[in-house]
Amino acid sequence: MGQMCGEEDFDETVLEDVVEVKSLSPDAALRRRRPRYKVICSGERPKEVNERLLQLYPFVDQKKTPLPTHWSHQDKAASLVVTNDYRNVAYADSGDPNQELNAKDAAAVRADHPIPITCGVYYFEVTIVCSGAECCMGVGLCERNVDLNRLPGWDRASYGYHGDDGNFFCSSGTGHAYGPTFKMNDVIGCGVDFVRKSIFFTKNGQHLGIAIMEVENVVDLYPMIGLQKHGAIAESNFGQYPFKYDIEQEFKDARNYTYEQICKVVLPQAKTGWMDRAISSWLLHEGYGRALAAFKKHADQNLDESGDVQMEKGEEESSDMLERRR
Numbered sequence: 001m002g003q004m005c006g007e008e009d010f011d012e013t014v015l016e017d018v019v020e021v022k023s024l025s026p027d028a029a030l031r032r033r034r035p036r037y038k039v040i041c042s043g044e045r046p047k048e049v050n051e052r053l054l055q056l057y058p059f060v061d062q063k064k065t066p067l068p069t070h071w072s073h074q075d076k077a078a079s080l081v082v083t084n085d086y087r088n089v090a091y092a093d094s095g096d097p098n099q100e101l102n103a104k105d106a107a108a109v110r111a112d113h114p115i116p117i118t119c120g121v122y123y124f125e126v127t128i129v130c131s132g133a134e135c136c137m138g139v140g141l142c143e144r145n146v147d148l149n150r151l152p153g154w155d156r157a158s159y160g161y162h163g164d165d166g167n168f169f170c171s172s173g174t175g176h177a178y179g180p181t182f183k184m185n186d187v188i189g190c191g192v193d194f195v196r197k198s199i200f201f202t203k204n205g206q207h208l209g210i211a212i213m214e215v216e217n218v219v220d221l222y223p224m225i226g227l228q229k230h231g232a233i234a235e236s237n238f239g240q241y242p243f244k245y246d247i248e249q250e251f252k253d254a255r256n257y258t259y260e261q262i263c264k265v266v267l268p269q270a271k272t273g274w275m276d277r278a279i280s281s282w283l284l285h286e287g288y289g290r291a292l293a294a295f296k297k298h299a300d301q302n303l304d305e306s307g308d309v310q311m312e313k314g315e316e317e318s319s320d321m322l323e324r325r326r
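Sequential numbering from 1 applies to the sequence shown in full-length UniProt numbering.
This is the structure we're talking about:
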């Protein structure tokens, strides 16, 4: 059973049940009310979820750098409600859903942890459960100190893709054209590539392109979602379930890019020679004869110049015998 974290009372809030709201029309969903909402800690993650996250991010030590897996109950604007599974967010401020938009109505929530850079690529998705006529939401990333009474991208160290106009906002209240608008039932994904320091978004499983390259700081980024209108509801997936978008290709591209960058590094002859000799000496000492012979074809020039690693016929035979015994 989960542990009680606390509770919040609301005189008027949307959402009697987030799952039920999905089956309602937008207008009907906006009329649903409930008097009180309690937040329950989810406790340990189910085994299958842990295994899935490990498969997605195998190089992350989750004991030292936990992955973001849900929205924070505490690190949010007062107008937002986070459900007891921490995956759903609703704009719960009482008000007229038809009122004119005001920047002061913006409210956002951060995830529970910053994204570990050891992910290589990190990705999450948000399903728009209810949005009204205009989808006044933003999905994106931000640093720890960003104001949560603002939509993603409006402030420094904040990045967001907005549903009402399809614009991408980067540390500014003025956005630029990026993708299509989004609405109820759309699935919006946000990813950060730590290798190339870039941010991208998806819509319903389709990659929308790179939104920004060379992000200034990628060390302290949190998943973020912002809502601006009464009745807006969004459901998130931080990897607990299969994504709409095939994120595996992003992982492959990041690995290939890393490999290409490593191959482009040209070391001075002295350092190359020292490294080749060290590797060859170890292979000889451990008895990896065939591996040493193959490596020598690549490193003949450096090894010949030093003369440090020489395999006589007897040593070669002995090395082969050791290898056959492994």
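Backbone N, C-alpha and C define an ideal beta-carbon position, used for all residues, glycine too.
Original post:
Hey, phenylalanine 168 and tryptophan 154: beta-carbon distance below 8 Å or not?
Top reply: Your numbering for residue 168 matches position 168 in the sequence shown. Your numbering for residue 154 matches position 154 in the sequence shown. Not closer than 8 Å, so no.
Original post:
Are tyrosine 244 and glycine 287 close, meaning C-beta to C-beta below 8 Å?
Top reply: Numbered from its first residue, the sequence shown carries residue 244 at position 244. Numbered from its first residue, the sequence shown carries residue 287 at position 287. First, the amino acid is wrong: residue 244 is lysine here, not tyrosine. For lysine 244 and glycine 287, no; Cβs fall outside 8 Å.
Subject >> Identity of the residue in Asp193, Gly226 and Val139 nearest asparagine 217 by Cα >> reply: By one-based count along the sequence shown, residue 217 stands at place 217. Of the candidates Asp193, Gly226 and Val139, the one whose C-alpha sits nearest the C-alpha of asparagine 217 is Asp193.
Original post:
How about the stretch 158-165 and the stretch 129-146: do they share at least three Cβ pairs that are nearer than 8 Å?
Top reply: Verdict: yes, contact present.
Subject >> Uninterrupted beta strand (DSSP E) stretches inside the stretch 50-131 (no shorter than 3 residues) >> reply: Whole beta strand (DSSP E) segments, 3+ residues: 71-76, 80-82, 88-91, 107-111 and 121-130.
Subject >> Residue from Lys252, Pro116, Ala254 and Cys142 whose Cα sits closest to the Cα of alanine 108 >> reply: Here residue 108 refers to the residue found at position 108 when the sequence shown is read from its first residue. When each option's Cα is compared against that of alanine 108, the closest is Cys142.
Subject >> Spatial neighbours of lysine 63 in its chain, beta-carbon cut-off 8 Å, leaving aside the 5 residues before and after >> reply: If you number the sequence shown from 1, residue 63 lands on position 63. Beyond the five residues adjoining it in sequence on each side, lysine 63 comes within less than 8 Å, by CB distance, of no other residue in the same chain.
Original post:
Using CA coordinates, which residue listed in Ile225, Ser281, Trp274 and Glu260 is at the minimum distance from arginine 150?
Top reply: Locating residue 150 in the sequence shown gives position 150, where the first residue counts as 1. The shortest Cα separation from arginine 150 among Ile225, Ser281, Trp274 and Glu260 belongs to Ile225.
Original post:
Are the beta-carbon atoms belonging to glutamine 228 and aspartate 112 less than 8 Å from one another?
Top reply: Along the sequence shown, read from residue 1 onward, the residue named residue 228 stands at position 228. Along the sequence shown, read from residue 1 onward, the residue named residue 112 stands at position 112. No, the Cβ-Cβ distance between glutamine 228 and aspartate 112 is not below 8 Å.
Subject >> Nearest residue (CA-CA) to isoleucine 115, options Phe59, Tyr86 and Val89 >> reply: For the purposes of this step, residue 115 is identified with residue 115 of the sequence shown, where counting begins at 1. Among Phe59, Tyr86 and Val89, the Cα nearest to that of isoleucine 115 belongs to Phe59.
Subject >> Distance between valine 89 and proline 223 (C-alpha atoms, nearest Å) >> reply: Translated into the one-based positions of the sequence shown, residue 223 becomes position 223. Translated into the one-based positions of the sequence shown, residue 89 becomes position 89. The alpha-carbon atoms of proline 223 and valine 89 are separated by roughly 13 Å.
Original post:
Just the Cα atoms here: how many angstroms apart are threonine 258 and valine 195?
Top reply: To locate residue 258, count along the sequence shown from 1; it is residue 258. To locate residue 195, count along the sequence shown from 1; it is residue 195. Put simply, the backbone Cα of threonine 258 is about 7 Å away from that of valine 195.
Subject >> Buried or exposed (CB count within 10 angstroms, at least 16 for buried), histidine 230 >> reply: For the purposes of this step, residue 230 is taken as residue 230 along the sequence shown, with counting starting at 1. Buried.
Original post:
Between glutamine 240 and valine 49, which are expected to be in contact by the criterion C-beta below 8 Å, what is the C-beta distance as a whole number of angstroms?
Top reply: Position 240 of the sequence shown, counting from 1, holds the residue named residue 240. Position 49 of the sequence shown, counting from 1, holds the residue named residue 49. About 5 Å; that satisfies the 8 Å criterion.
Subject >> leucine 221 classed as buried or exposed, judged by whether at least 16 other C-beta atoms fall within 10 angstroms >> reply: If you number the sequence shown from 1, residue 221 lands on position 221. Classification for leucine 221: buried.
Original post:
My guess is that alanine 234 and isoleucine 117 are in contact by the Cβ rule of under 8 Å, so how many angstroms apart are they, rounded?
Top reply: The residue labelled residue 234 in the question sits at position 234 within the sequence shown. The residue labelled residue 117 in the question sits at position 117 within the sequence shown. That belief does not hold up - the Cβ atoms of alanine 234 and isoleucine 117 are roughly 26 Å apart, past 8 Å.
Subject >> Distance between leucine 292 and methionine 275 (C-alpha atoms, nearest Å) >> reply: Along the sequence shown, read from residue 1 onward, the residue named residue 275 stands at position 275. Along the sequence shown, read from residue 1 onward, the residue named residue 292 stands at position 292. If you draw a straight line from the Cα of methionine 275 to the Cα of leucine 292, it is about 14 Å long.
**OP:** Can you give me the Cβ contacts of arginine 87 inside the same chain, cut-off strictly under 8 Å, excluding the 5 residues immediately before and after it?
**Re:** Against the sequence shown, residue 87 aligns to sequence position 87. His70, Trp71, Glu235, Ser236, Asn237, Phe238 and Gln240, listed in sequence order.
Original post:
Are the CB atoms of lysine 197 and methionine 184 nearer to each other than 8 Å?
Top reply: To locate residue 197, count along the sequence shown from 1; it is residue 197. To locate residue 184, count along the sequence shown from 1; it is residue 184. By the CB criterion at 8 Å, lysine 197 and methionine 184 fall outside the cutoff.
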